[in-house]
Amino acid sequence: MELKFWLDRWQRADTGFHQEMAHDFLTRHWPALGVPKGAEVLVPLCGKSLDLLWLAGEGHPVTGVEISPVAVEAFFRENGLQPRRWRDGAFEVWEEDEIRILLGDFFALEPRQLAEVAGVYDRASLIALPPTMRERYARKLETVLPAGVQVLLVTLEYDQSALAGPPFAVGEAEVRALYAPAHEVELLYTRDALSEESRWRERGLTWLLEKVYRLTHRADVGQ
Ligand code: SAH
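Numbering (the numbering used here), first residue to last: 21 to 243.
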């Protein structure tokens, strides 16, 4: 998926994935990870998600990564924050207090930029990417993060032949294929998401599952 696709979507405000409050899977299941307060959390492909604020409110320094300057500017402006900005390698860093967004391409991240990260929250990040990029994304996360990190991963499952992504359907077998080599993979909860979101029914889906997983990086697996 071309970066231009996302830049254009933000330009024309085609951002149906954005939610006006923190995602309830985050608020309900984050405590299951046991990431200690004060430990840094990475939110890859963060958009202008209010999940960043919720995590900061839980006492975590938060690092988001986002390619669209429109999204990053909107996040800070809409939340009344005045970030400092500076350049760091391939990224422009925007930061206020406990929230830092790295404006740039996720695939350009360097381990030194994430050296303190202990937890990851992935909602609409993995499933924003087409199949070959999902493999690259999972491998990149593994190589760029310190050992022992825990991940809360939210996915959608539906009949991919009924609707083109993104968001893409990513089933449990794929989650395990991507992450099980280096992580313990546990499904925490599944819900029927069709009844709650009529926009999917309107787009032709007859079933839609939203799942949340806990991935625990096995510190014994080499980076
Ligand atoms: N997690 C957010 C946004 C999901 S949409 C939420 O829940 O609202 C996916 C986001 O990833 C978009 O904002 C898009 O601009 C961004 N994105 C896509 N590819 C990217 C890349 N390679 N690097 C950084 N951000 C990217």
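Beta carbons are placed, not taken as given, at the ideal position from N, Cα and C, and that holds for glycine.
Note that this is a predicted model, so its numbers are computed, not measured.
Cα-Cα separation, residue i to residue j
{"i": "Q170", "j": "V140", "result": "6 Å"}
{"i": "P166", "j": "E22", "result": "28 Å"}
{"i": "T83", "j": "G58", "result": "13 Å"}
{"i": "V164", "j": "A128", "result": "10 Å"}
{"i": "S88", "j": "V113", "result": "13 Å"}
{"i": "E78", "j": "R29", "result": "30 Å"}
{"i": "E155", "j": "L123", "result": "22 Å"}
{"i": "F45", "j": "P56", "result": "18 Å"}
{"i": "L9", "j": "P51", "result": "Within the shown structure, residues of the chain are numbered from 21 to 243, placing residue 9 beyond reach of any answer."}
{"i": "R159", "j": "V61", "result": "18 Å"}
{"i": "H43", "j": "G109", "result": "31 Å"}
{"i": "G36", "j": "W220", "result": "11 Å"}
{"i": "A197", "j": "G54", "result": "24 Å"}
{"i": "V174", "j": "D142", "result": "6 Å"}
Closer than 6 Å: residue i CB and nearest the ligand SAH heavy atom
{"i": "D125", "result": "yes"}
{"i": "L46", "result": "no"}
{"i": "A144", "result": "yes"}
{"i": "H38", "result": "yes"}
{"i": "I87", "result": "yes"}
{"i": "W114", "result": "no"}
{"i": "L65", "result": "yes"}
{"i": "W26", "result": "yes"}
{"i": "A148", "result": "yes"}
{"i": "A91", "result": "yes"}
{"i": "S69", "result": "yes"}
For residue i, three-class secondary structure by DSSP
{"i": "W114", "result": "strand"}
{"i": "E230", "result": "strand"}
{"i": "L149", "result": "coil"}
{"i": "A239", "result": "coil"}
{"i": "L27", "result": "helix"}
{"i": "A138", "result": "strand"}
{"i": "L129", "result": "coil"}
Chain C within 7 Å of residue i, Cβ atoms only
{"i": "L228", "result": "Although the question refers to chain C, the structure presented lacks it and comprises just one protein chain."}
Q. Quick one: complete beta strand (DSSP E) runs, 3+ long, within the stretch 165-225?
A. Within the stretch 165-225, the runs of beta strand (DSSP E) at least 3 residues long that lie entirely inside it are, in chain order, 170-177, 203-212.
Q. Which full runs of the alpha helix (DSSP H) of 4+ residues lie inside the stretch 32-111, going along the chain?
A. Taken in chain order, the unbroken stretches of alpha helix (DSSP H) that lie wholly in the stretch 32-111 and span 4 residues or more are 44-49, 71-77, 89-98.
Q: Would you check if there are 3 or more beta carbon pairs closer than 8 Å linking the stretch 83-101 to the stretch 62-72?
A: Taking a cut-off of 8 Å on C-beta distances, the stretch 83-101 touches the stretch 62-72, as three or more cross pairs fall below it.
Q.
Between the stretch 149-165 and the stretch 177-190, can you find at least three pairs of beta-carbon atoms closer than 8 Å?
A. For the pair of segments examined, the stretch 177-190 was found to touch the stretch 149-165: the number of CB pairs separated by less than 8 Å reaches three.
Q. Touch check for the stretch 172-182 and the stretch 215-228: three-plus C-beta pairs under 8 Å?
A. With a cut-off of 8 Å, the stretch 215-228 and the stretch 172-182 count as touching, because enough Cβ pairs lie within range.
(Q) Can you confirm whether the stretch 94-107 touches the stretch 129-139 when touching is taken to mean that 3 or more C-beta pairs between the two stretches lie within less than 8 Å? (A) Between the stretch 129-139 and the stretch 94-107, the count of Cβ pairs shorter than 8 Å is below three; the stretches do not touch.
Q) Would you say the stretch 201-213 touches the stretch 230-238, given that touching needs at least three Cβ pairs under 8 Å? A) Flag = yes, the stretch 201-213 and the stretch 230-238 touch.
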